[in-house]
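Chemist: Would you mind keeping the following structure in view while I ask a few things?
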Amino acid sequence: VLCVQFDLTSKLKQLDLDFREDPRFVVTMRIAELLSGKRRSDLENVFDSIPLNAGVHEFISFLKDRGFMVALATDSYKFLADRLKDRLRLDLVYANRLQFNGDRLTGKVLTVPGCLKIPHCKEYLVCKLRLLKSLQGALGGVSVAIGDSDSDYCMLQGADISVAYNPKSERIKVKADAIVQNFYQAT
């Protein structure tokens, strides 16, 4: 939605083509460069206009009622993920941190690479498996991971229960214990 609003869709597609063999963190850094100069407030306004998926509130309540901690790990940006955290009353977010100069995005990603580099990992800047393992170590219990794209592959592999939510790739479908098309099916 951000790329459409700021007329960056064709540039994003070209980035994916140009860097398809590179670690995915390279693409993350290039996307941040494309957003350089954009106002934080403009990005937040567009982000806030994106409707939530049906049933997400009920699903989070379902998990919390059973004692789960609910975390969001995303390749997106922490300043936006924090807004979603507040909207959904999540416990934690893990996302890319960006540099701002006042209200303007500089185009620089501040996140330090932390990929665990397991087999078949595409090396995203935000290592969702690292977060999952950290939470498993700190909290114990059963871990449930829900993902829809290749960036979720490692996390799904490391979870006790893995769910592909409206999956975008065959790789995610094969890795998941269950496949759902909406959050109502996950409860």
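Take the sequence shown: its letters are residues 3 to 189, numbered as in our numbering.
Cβ atoms here follow ideal geometry from the backbone N, Cα and C, with glycine treated the same way.
(1) How many Å lie between Val48 and Asp77 at the Cα?
(2) Using beta-carbon positions only, say whether Thr108 and Asn98 come within less than 7 angstroms of one another.
(3) With DSSP as the reference, label Lys110 as helix, strand or coil.
(4) DSSP three-state call for Val144: helix, strand or coil?
(5) Measuring alpha carbon to alpha carbon, tell me which of Tyr126, Leu158, Cys5 and Cys129 ends up nearest Leu37.
(6) Tell me which residue opens and which closes the alpha helix (DSSP H) that Tyr155 is part of.
(7) Looking at the strands, I want to know which residues DSSP matches up with Val95.
(8) Which same chain residues end up closer than 7 angstroms to Phe27 when comparing Cβ atoms and leaving out the 5 residues on each side of it in sequence?
(9) Verify whether the separation of the beta carbon atoms of Phe102 and Arg42 is less than 7 angstroms.
(10) Distance check for Ile148 and Leu92, CA to CA, integer angstroms please.
(11) Taking just the CA atoms, how far does Gly39 sit from Arg191?
(12) Kindly give me the distance between the Cβ atoms of Lys170 and Asp150, rounded to whole angstroms, as I take these residues to be in contact under 8 angstroms.
(13) Residues in the same chain with beta-carbon distance under 8 angstroms from Leu17, minus the five sequence neighbours each way, listed in chain order, please.
(14) If you draw a straight line from the C-alpha of Ser136 to the C-alpha of Phe8, how long is it?
(15) Report buried or exposed for Gly160, applying the criterion of at least 16 other Cβ atoms within 10 angstroms of its Cβ.
(16) Cα-Cα, which of Ser153, Glu23 and Lys130 is closest to Ser145?
(17) Out of Cys123, Gly57, Leu19 and Ala180, point me to the one whose CA is closest to Tyr186's CA.
(18) Taking the alpha carbon of Ser153 as the reference point, which residue from Ala140, Asp67 and Glu172 has its own alpha carbon closest?
(19) Determine the extent of the beta strand (DSSP E) in which Ser38 is found, giving its start and end residues.
(20) Could you pull the start and end residues of the alpha helix (DSSP H) that Phe185 belongs to?
Modeler: The short version:
(1) Taking the sequence shown and counting its residues from 1, one reaches residue 48 at position 46. Taking the sequence shown and counting its residues from 1, one reaches residue 77 at position 75. When rounded, the distance between both Cα atoms is 17 angstroms.
(2) Stepping through the sequence shown from its first residue, residue 108 is reached at position 106. Stepping through the sequence shown from its first residue, residue 98 is reached at position 96. No.
(3) As a first step, residue 110 must be located in the sequence shown, where it is residue number 108. Strand.
(4) Mapped onto the sequence shown, residue 144 falls at position 142. DSSP places Val144 in coil when its eight states are reduced to three.
(5) In the sequence shown, the residue the question calls residue 37 occupies position 35. Comparing Cα-Cα distances from Leu37 to each of Tyr126, Leu158, Cys5 and Cys129, the minimum goes to Cys5.
(6) Walking along the sequence shown from the start, residue 155 turns up at place 153. Start and end: Tyr155 to Gly160.
(7) Locating residue 95 in the sequence shown gives position 93, where the first residue counts as 1. Looking at the DSSP assignment, Val95 forms a beta bridge with Leu74.
(8) Within the sequence shown, residue 27 is the residue found at index 25, counting from 1. Cβ neighbours of Phe27 beyond the five flanking positions: Pro115, Glu125, Tyr126 and Leu127.
(9) To locate residue 102, count along the sequence shown from 1; it is residue 100. To locate residue 42, count along the sequence shown from 1; it is residue 40. In this structure, Arg42 lies closer than 7 angstroms to Phe102 by Cβ.
(10) Taking the sequence shown and counting its residues from 1, one reaches residue 92 at position 90. Taking the sequence shown and counting its residues from 1, one reaches residue 148 at position 146. Computed Cα separation, rounded: 14 angstroms.
(11) Only positions 3 to 189 of the chain appear in this structure, which leaves residue 191 out of reach.
(12) Taking the sequence shown and counting its residues from 1, one reaches residue 170 at position 168. Taking the sequence shown and counting its residues from 1, one reaches residue 150 at position 148. Right, the Cβ-Cβ distance comes to about 6 angstroms (below 8 angstroms), so this counts as a contact.
(13) Taking the sequence shown and counting its residues from 1, the one referred to as residue 17 is at position 15. Correct list, in chain order: Val29, Arg32, Ile33 and Leu36.
(14) Residue 136 sits at position 134 when you count from the first residue of the sequence shown. Residue 8 sits at position 6 when you count from the first residue of the sequence shown. Whole-angstrom Cα-Cα distance: 36 angstroms.
(15) Stepping through the sequence shown from its first residue, residue 160 is reached at position 158. The residue is buried, with at least 16 neighbouring Cβ atoms inside 10 Å.
(16) Reading the sequence shown from its first residue, position 143 is the one you call residue 145. Minimum Cα distance to Ser145 is reached at Lys130.
(17) Start at 1 with the first residue of the sequence shown, and residue 186 comes out as number 184. If we check each option's Cα against that of Tyr186, Gly57 comes out closest.
(18) Reading the sequence shown from its first residue, position 151 is the one you call residue 153. Among Ala140, Asp67 and Glu172, the Cα nearest to that of Ser153 belongs to Glu172.
(19) Indexing the sequence shown from 1 puts residue 38 at position 36. Counting along the chain, Ser38 falls outside any beta strand (DSSP E), and DSSP gives it neither H nor E.
(20) The residue you call residue 185 lines up with position 183 of the sequence shown. Careful: Phe185 lies outside any alpha helix (DSSP H) and carries neither H nor E.
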